[in-house]
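Peer 1:
Chains as they are written, first to last, in my numbering: chain A, 38 to 313; chain B, 18 to 323; chain C, 16 to 522.
Set out below in structure tokens:
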């Protein structure tokens, strides 16, 4: 059962990655090319639609399919970089907290608790409002605020790993702290990091599109799923396809990531099953 | 128990202190808060006067202490746009947000628990896999898109519910579903996992072999044991719901704190943003504290450990 | 197990039944839907159209602007310039505030002085800065002394709504803006923040009791939701209907569209402070020629607009009817760029608001595309309105081109031309040869204090001809405002975006 859904997820995910990498080849049109006279054309299968624009055109006559294909780039780029950034920060802080314990641990965990007290999207919106919109800032905000999930998980893992004999042995041999952490502990917690990261990609895709939807995300000239949804919202009554297809794209991508993540978790780290 | 309570309380106070520091710092991230806080057509002299009067020329730690002491007294300054005390504006809108949050929680419990039980008891059937996929979908849906789709289907195509606003019960339905869907899926999946575990236990088998009906077994014996982990995540989920209300409220024009804050963010109404972020964060800290205490009280194992 | 399924089904049914009991509108109540809530109900301390539309039902101005931009008596019965810098205003006798107190000259003086009081920080202060002092002669006569001759004072007074001195002093500003009383046709009843403001007819109104007895201003932010509510008959007047929804409203059977040429128009301002390509008049002309305003109006605005020829609406005093649009000619635009040495194109940034004016973001995106067709790469920024308005007011817009929807609440060139084209003013970006700039300054200075309307109009016409030649702008269109109006109501919209419910009636 799990493996079947995982195959579906993997196929979907590969499709999205292919879209992102091969956008110029796959997209039938330039995603920014406008044609005011051909605006709000319905999808091909509806009366008034034509095969030139399989999913119709938006309020400026741009091809929706092409915009969705190009939009996958931003979603994946933001999600992957943000996950990498928060993964590195979270792993590092988690390692430090779990290894040194005591005051270091207590400070880091306090920081985590403080940050968890802020509703994530509100925090991101407020910081974006102050920093100003833009692709770079979105990545910074999501990357920096996303570390808590890793930090807490890694800390718990480290606590259990560092009690093991090989760590005690390394310590007894007088190895430096950072060497013990990198050589002995990190490899042991790596599977958890990978599983966590794969699941967090899903959250980051949603977060980016939410921020862009609220007008505090990626720059307007870049086609993204979030901004397509925001634009399409005004046309919900007269042209439903504007907001429907990009939303489907987000949902299917996130679903694919979740399916693959669940599968990874089963293979790499069955213990996590209940933790999440 | 008393000792544990005191420890948790101290920790919560420490967290609130951290929260206050962060809320205070939001304003200072941009550079010059005076520019942000004055009306747009203020002259250079007015800005300078204001800086002096409000104390923006003092060292940062002094400003923080002053902000904190005022905040403790409930004084978060005046909203720039509404020209009323920021805290008043937030408290006025609190009931709407609480109403929505509780409604969303009710939705997730009323839907999540039966679905979780059902999919667990029908393990390895087609129905169960549909249920599992529903759970995954629920966690994969962007809330704002879900909101738009609900508006499209139940507001426009089959107009059952009003698109926006607050007042009647029917206006509560779509926002509550939107906000509750993620939590519903979370509760469902969690309960399903625990139920499957519990249903394999010996005493359930015994109950079954005694000839008790399936429904009785599931509800009376298994559910009771599987519910504890659900109770504990309700607290955490309340915090998530409170935060998620920001977007849901904006889309459904729900007159709550979240919508007020999004408007304040768009208008760069910094005192209001500060106050709102702080108040919501404190609410979440308090909810977490209560959950923590409740959990300790419910689960004897933890009580013994400490 | 089927028991369980049945239980779930029952629960769902119960939920649906509960939903069935919707709410009913009270028939005697007229509901107006706007996109945002009022920020306060104090007429002197805000400068927002939506807020004004709520509080203007509660307060009366000194003069009233008619549909033909003429002035009619309201709380003032006559106004007369008795010396170049003094206006004598006679006030209406026997008018009462909602609490029964008499309206007198003291209230007029207090209202103006309150706005001008620097400690109150009123955003309207600059509108009345020409006033030197207000002198109470007797209970029903005031003299307004201006610093210089000030021909547009009546236009200002038409926007000045009078607050009760006794009440404001008694309850304080903070409570006054929440629970106001005035002399107007409606009394304040209740305000549920971000939801609605409820008003009821003032039976003792000096013009007679209003025909509609109860009024609610509802907040419905989404355009689509306002249209839905109209279709469902839940609201009677809805503002800002987007052009692509016109058909839906007209087909609803419950409501129809009322359109009116707006005093608001869209244009793109050139940031001419910094030199660069925009310092070259040929480039500025090329940009104008590259934008197909007609196509934007036809396609994006559904035809609800007219191309502009100057930065005044044709309703404004001083509008020059002889000016022509620059036209659409991308080939000539390319040739001009070539001639100016920018044949390979160049880069510009452009800023525009979103959701503030009819189709603003769409218009900006279309223009971006059309400029790219002549080789000008445009980077578009879309700051939120709060930020953008702030940048405009502080003269700190961070873009080479920026879109603005300008509306002149005075209906007089004075409110626009002086601020935009007189050296040293707030919106001055008009950098041209020194003697030309001085000539325009001189014309605007003369017109500003000229008490002879005909001469004044001529001076504005001359200034506009010079400015039009210099092309300091990318002219777009004057919009038509679209309102959805329920078929049970008689009401027509006004060019100044004001909603005056005293004029409304049931059909």
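Cβ atoms here follow ideal geometry from the backbone N, Cα and C, with glycine treated the same way.
Select from the region 274-285 of chain A all residues with a C-beta closer than 7 Å to any C-beta belonging to chain C, and list them in chain order.
Peer 2: From the region 274-285 of chain A, only 274 and 275 have a Cβ closer than 7 Å to chain C.
Peer 1: Looking at C-alpha atoms only, which residue of 273/A, 175/A, 201/A and 186/A is the closest neighbour of residue 325/A?
Peer 2: In the structure as shown, chain A begins at 38 and stops at 313. Residue 325/A is therefore absent and cannot be evaluated.
Peer 1: Evaluate the contact criterion for the region 162-170 of chain C versus the region 421-437 of chain C: three or more CB pairs, one atom per stretch, below 8 Å.
Peer 2: Judged by Cβ distances under 8 Å, the region 162-170 of chain C makes contact with the region 421-437 of chain C, as three or more pairs qualify.
Peer 1: Taking C-alpha atoms, which residue in 116/C, 139/C, 197/C and 221/C lies nearest to residue 589/C?
Peer 2: The requested residue 589/C does not occur in the structure, where chain C is confined to residues 16 to 522.
Peer 1: Mark residue 438/C as exposed unless 16 or more other C-beta atoms lie within 10 angstroms of its C-beta, in which case mark it buried.
Peer 2: When all chains shown are included, residue 438/C counts as exposed.
Peer 1: So residue 494/C and residue 318/C are supposed to be a Cβ contact under 8 Å. How far apart are they, rounded?
Peer 2: Contact doesn't hold; Cβ gap of about 11 Å is too wide.
Peer 1: Please confirm whether residue 323/A has its beta-carbon closer than 8 Å to some beta-carbon of chain B.
Peer 2: Given that chain A is displayed from residue 38 to residue 313, the structure contains no residue 323/A and the question cannot be resolved.
Peer 1: Pull out every residue of the region 59-82 of chain A whose Cβ sits closer than 7 Å to any Cβ of chain C, in chain order.
Peer 2: Flagged, chain order: 71, 73, 74 and 76.
Peer 1: If distances are taken between C-alpha atoms only, which option among 81/B, 31/B and 183/B comes closest to residue 116/B?
Peer 2: Of 81/B, 31/B and 183/B, the residue nearest in Cα terms is 183/B.
Peer 1: Grab the span of the beta strand (DSSP E) containing residue 102/C for me, first residue to last.
Peer 2: From DSSP, the beta strand (DSSP E) with residue 102/C extends over 101-106.
Peer 1: List, in order along the chain, the chain C residues whose C-beta lies closer than 7 Å to that of residue 284/B?
Peer 2: Neighbours of residue 284/B on chain C, chain order: 401.
Peer 1: Take residue 40/B as the anchor and find which of 152/A, 74/A and 54/A has the nearest alpha-carbon.
Peer 2: Ranking the options by Cα distance to residue 40/B, first place goes to 152/A.
Peer 1: For residue 203/A, name the three-state secondary structure that DSSP assigns.
Peer 2: Note: residue 203/A maps to helix in three-state DSSP.
Peer 1: On a Cα-Cα basis, can you pick out the residue from 492/C, 383/C and 389/C that is closest to residue 420/C?
Peer 2: The option with the nearest alpha carbon to residue 420/C is 492/C.
Peer 1: Going by DSSP, which residues form a beta bridge with residue 280/C?
Peer 2: Note: residue 280/C sits in a beta bridge opposite 421/C and 493/C.
Peer 1: Using a Cβ cut-off of 8 Å (strictly closer), state whether residue 20/B contacts chain A.
Peer 2: For residue 20/B, the answer is no, since every Cβ of chain A falls outside 8 Å of its Cβ.
Peer 1: Does the beta carbon of residue 212/C fall short of 7 Å from some heavy atom of the ligand SAM?
Peer 2: With respect to the ligand SAM, the structure shown offers nothing to examine, as it has no ligands at all.
Peer 1: Can you check which of these residues, 229/A, 286/A and 125/A, is closest to residue 181/A by C-alpha distance?
Peer 2: Among 229/A, 286/A and 125/A, the Cα nearest to that of residue 181/A belongs to 125/A.
Peer 1: Between residue 104/C and residue 157/C, which are expected to be in contact by the criterion C-beta below 8 Å, what is the C-beta distance as a whole number of angstroms?
Peer 2: Right, their Cβ atoms sit about 5 Å apart.
Peer 1: Could you tell me which uninterrupted alpha helix (DSSP H) segments, each at least 4 residues in length, are contained entirely in the region 356-423 of chain C, listed from first to last along the chain?
Peer 2: The region 356-423 of chain C contains these whole alpha helix (DSSP H) runs: 375-388 and 400-408.
Peer 1: If you draw a straight line from the C-alpha of residue 515/C to the C-alpha of residue 254/C, how long is it?
Peer 2: Whole-angstrom Cα-Cα distance: 13 Å.
Peer 1: Of the choices 286/C, 252/C and 381/C, whose alpha-carbon is the least far from that of residue 311/C?
Peer 2: Comparing Cα positions, the closest option is 381/C.
Peer 1: Taking only runs of the alpha helix (DSSP H) that begin and end inside the region 249-316 of chain C, which ones reach a length of at least 4 residues, in chain order?
Peer 2: The region 249-316 of chain C contains these whole alpha helix (DSSP H) runs: 261-265 and 296-305.
Peer 1: Answer yes if the region 267-276 of chain A comes into contact with the region 87-98 of chain A, meaning at least three C-beta pairs across the two stretches below 8 Å, and no otherwise.
Peer 2: These segments touch.
Peer 1: Pull up the CB-CB distance for residue 415/C and residue 364/C, whole angstroms please, since I reckon it's below 8 Å.
Peer 2: 5 Å between Cβ atoms; contact.
Peer 1: Can you list, in chain order, the residues of its chain with a C-beta nearer than 8 Å to that of residue 272/C? Leave out the 5 residues immediately preceding and following it.
Peer 2: Once the five neighbours on either side are set aside, the close Cβ partners of residue 272/C are 256, 261, 264, 265, 497, 498, 499 and 500.
Peer 1: Quick one: which chain A residues come within Cβ less than 7 Å of residue 156/B?
Peer 2: By Cβ distance, chain A contributes 295.
Peer 1: Does the distance from the CB of residue 141/A to the CB of residue 235/A come in under 8 Å?
Peer 2: It is not a contact, given that the beta carbons lie outside the stated cut-off.
Peer 1: In three-state DSSP terms, what is residue 194/C?
Peer 2: Coil, per DSSP.
Peer 1: Could you spell out where the alpha helix (DSSP H) holding residue 197/A opens and where it closes?
Peer 2: Start and end: 184-198.
Peer 1: Taking the straight line between their C-alpha atoms, what separation do you get for residue 184/C and residue 59/C?
Peer 2: Answer to the nearest angstrom: the Cα atoms are 14 Å apart.
Peer 1: Please check the pair residue 43/C and residue 229/C, which I expect to be a contact at CB under 8 Å, by giving their CB distance rounded to whole angstroms.
Peer 2: That pair is a contact at about 6 Å.
Peer 1: Is DSSP giving residue 87/C helix, strand or coil here?
Peer 2: DSSP places residue 87/C in strand when its eight states are reduced to three.
Peer 1: Between the Cα of residue 157/B and the Cα atoms of 195/B, 130/B, 187/B and 121/B, which residue gives the shortest distance?
Peer 2: Ranking 195/B, 130/B, 187/B and 121/B by Cα distance to residue 157/B puts 195/B first.
Peer 1: Specify whether the region 291-303 of chain B and the region 399-408 of chain C touch according to this definition: at least 3 beta carbon pairs, one from each stretch, less than 8 Å apart.
Peer 2: Verdict: no, contact absent.
Peer 1: Cα separation between residue 77/B and residue 282/B?
Peer 2: Rounded to the nearest angstrom, the two C-alpha atoms are 23 Å apart.
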